[in-house]
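Colleague: This is the structure I have questions about; it appears just below.
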Amino acid sequence: MTSVSLSPNGDFLTLDLKGQPRRFHAIWLRDNAQDPETRAPGNGQRLLALRDIPADTHLVAAEIAGDTLRVSFAPEDKTVEFDLSWLVANGYDKAAPAQIGWVQDEITPWNSDLMSDVPVGDFQQLSKGGAALRDWLGKVNRYGFGKIENGPTEDGALFTVVDLFGYVRETNYGRHFEVRTEVNPTNLAFTGLGLQAHTDNPYRDPVPSIQVLYCLESSAAGGENMVVDGFAAALRLREENPAYFDVLAKYCARFEYAGDADTCLRARRPMIELAPDGELIGVRFNNRSLAAVNDVPFAEMATYYAAYRRLGEIIDDEAMEVTFRLEPGESFVVDNTRVLHARKAYSGAGTRWLQGCYADKDGLRSKFAALSAQSGVKP
-18 MTSVSLSPNG DFLTLDLKGQ PRRFHAIWLR DNAQDPETRA PGNGQRLLAL
32 RDIPADTHLV AAEIAGDTLR VSFAPEDKTV EFDLSWLVAN GYDKAAPAQI
82 GWVQDEITPW NSDLMSDVPV GDFQQLSKGG AALRDWLGKV NRYGFGKIEN
132 GPTEDGALFT VVDLFGYVRE TNYGRHFEVR TEVNPTNLAF TGLGLQAHTD
182 NPYRDPVPSI QVLYCLESSA AGGENMVVDG FAAALRLREE NPAYFDVLAK
232 YCARFEYAGD ADTCLRARRP MIELAPDGEL IGVRFNNRSL AAVNDVPFAE
282 MATYYAAYRR LGEIIDDEAM EVTFRLEPGE SFVVDNTRVL HARKAYSGAG
332 TRWLQGCYAD KDGLRSKFAA LSAQSGVKP
């Protein structure tokens, strides 16, 4: 049974769908009206500012017809319709999250158990778009990374990966960077040393949210790639020691990079980033570019360093990692605001040549949402 009722003064309505009541304020409904006077038919952008809507807007009538809710507002004397499914999807009458550090339903934290089910796509199939690309992007969105096989092996092939979902973000490295052994490199990523799992470029503001690494040559021993879910690591820290989680989320770390005389990059962000409502939205962890921590009060600095140490130990735990080797023509895409990546040490014998570049999640999420809408699949 579906029903709707108005509050005595019309400032909100209650929509009861099969015994599940949901309340909506009049001003919220008016601001989100979908009619052509309120929203541009082509792109859905608002045509009105909030100042154009009377402050004393209230509901004077509401009825349900099939799958549609029809409401009337005063003092505008305006009637609009809403799809019930849209209201359910966008409802806000719900209890606050029970615990700080919650994640969205479409996010699945993981550990080494994911080794047997790494998200993999075939480049030729992904290039056709459609369901194959949609499903792979959905897994990247859910797990924070994905691998691609059977790609081309020519210089610059990594750009064809970015073209699947978005645009390259240029940095001081240029549109892309080379990853292979160098003499006197300016960045440790270009040596044969193993690297601790880290997020890239935490010294940028904003940080690049997508990284692509593409293998062109691989005959040197070692050099396996490794990924760790920063969200899973942060949540494990929260379960072990809530005070450690809180101190890394409360205070900013400082990150910096100065690779040459013309580059001096600095950013100030917490290692564990939360939204105002407590949602876990980002992890920054990079011991190489961590500057002096000076935003933590003296009384809490010892706790901060203990928390930082423990988070690093969790990240280094083999039970948290997924490892794979990239062969020529293979690549992987990683959510740089969530998933840490690393590389095992490799020898100088043979060759090991990867190219990398950055992009951003808005393009990836947009492509996934568009493909989902085209196929009628809910993202």
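With my numbering, the residue at position 263 of the sequence shown is 244, and numbering never jumps. Note that CB positions come from ideal geometry on N, CA and C, so glycine has one too. In this text the structure is predicted, and so the values were computed from the model without any measurement.
#1: Inspect the beta-carbon positions of Leu321 and Gly203 and report whether they are closer than 9 Å.
#2: Can at least three beta-carbon pairs, one atom from the stretch 227 to 246 and one from the stretch 37 to 53, be found at a separation below 8 Å?
#3: By how many angstroms is the C-alpha of Ala350 removed from the C-alpha of Ser60?
#4: Return the CA-CA distance between Asn153 and Pro257, expressed in angstroms with no decimal places.
#5: Relative to the C-alpha of Gly375, which residue among Leu107, Leu345 and Trp334 is closest?
#6: With H, G and I counted as helix, E and B as strand and the rest as coil, what does DSSP make of Phe313?
#7: Is Arg217 closer than 9 Å to Phe236 when the C-beta atoms are compared?
#8: With a CB to CB cut of under 7 Å and the five nearest residues on each side skipped, what residues in its chain are close to Leu107?
#9: Here's the rule I'm using: 16 or more other beta-carbon atoms within 10 Å means buried, otherwise exposed. How should Ser356 be labelled?
#10: Would you identify the three-state DSSP class for Pro166, choosing helix, strand or coil?
#11: Please list, in chain order, all residues of the same chain as Asp276 whose beta carbon is under 6 Å from its beta carbon, the five residues on each side excluded.
#12: If we call anything under 9 Å between Cβ atoms a contact, is Phe313 one with Asn206?
#13: Helix, strand or coil: how does DSSP classify Thr89 here?
#14: Hey, Leu10 and Leu29: beta-carbon distance below 9 Å or not?
#15: If we call anything under 9 Å between Cβ atoms a contact, is Phe431 one with Pro100?
#16: Which residues bound the alpha helix (DSSP H) around Thr284?
#17: If you follow the alpha helix (DSSP H) that Lys348 is in, where does it begin and where does it stop?
#18: Name the residue from Leu255, Ala287 and Ala272 whose alpha carbon lies nearest to the alpha carbon of Pro78.
#19: Taking its Cβ as the centre, do 16 or more other Cβ atoms sit within 10 Å of Arg269, making it buried, or is it exposed?
#20: Determine which residues share a DSSP beta bridge with Asp103 and list them.
#21: Would you tell me roughly how many angstroms separate the C-alpha atoms of Pro223 and Thr332, rounded to the nearest one?
#22: From the DSSP output, read off the bridge partner residues of Trp334.
#23: Checking the sheet assignment: what are the DSSP bridge partners for Lys120?
#24: Please look up how many angstroms separate the CB atoms of Ile191 and Lys342, rounded, as I've assumed it's under 8 Å.
#25: Less than 8 Å between the CB atoms is what I'm expecting for Thr426 and Leu(-2), so what's the real figure, rounded?
Modeller: Checking against the coordinates, here is how it stands:
#1: Cβ atoms of Leu321 and Gly203: not closer than 9 Å.
#2: Short answer: they don't touch.
#3: Here residue 60 is Thr; the residue named in the question, Ser, does not match the sequence. Their backbone Cα atoms lie some 30 Å apart in a straight line.
#4: C-alpha separation (whole angstroms): 32 Å.
#5: The structure shown has nothing for residue 375, since the chain only spans -18 to 360.
#6: Here Phe313 carries a strand assignment [DSSP, helix/strand/coil].
#7: no
#8: Excluding positions up to five away in sequence, the list reads Ala113, Leu114, Trp117, Ile129 and Leu145.
#9: By the neighbour-count criterion, in which 16 or more other beta carbons inside 10 Å mark a residue as buried, Ser356 falls on the exposed side.
#10: Summary for Pro166: the model assigns pLDDT 46, below 50, so the residue's position carries little reliability; its value from the coordinates is reported in the next sentence. Three-state result, Pro166: coil.
#11: Around Asp276: Tyr232 and Cys233.
#12: In this structure, Phe313 lies near Asn206, with their beta-carbon atoms less than 9 Å apart.
#13: coil
#14: No.
#15: The chain is shown from -18 up to 360; residue 431 falls before or after that span and cannot be answered.
#16: Phe279 to Asp297
#17: Lys342 to Ser356 is the extent of the alpha helix (DSSP H) around Lys348.
#18: Leu255
#19: exposed
#20: Glu130
#21: 45 Å
#22: Glu198
#23: Lys120 is not bridged to any residue.
#24: 6 Å
#25: Since the first and last residues shown for the chain are -18 and 360, residue 426 lies out of range.
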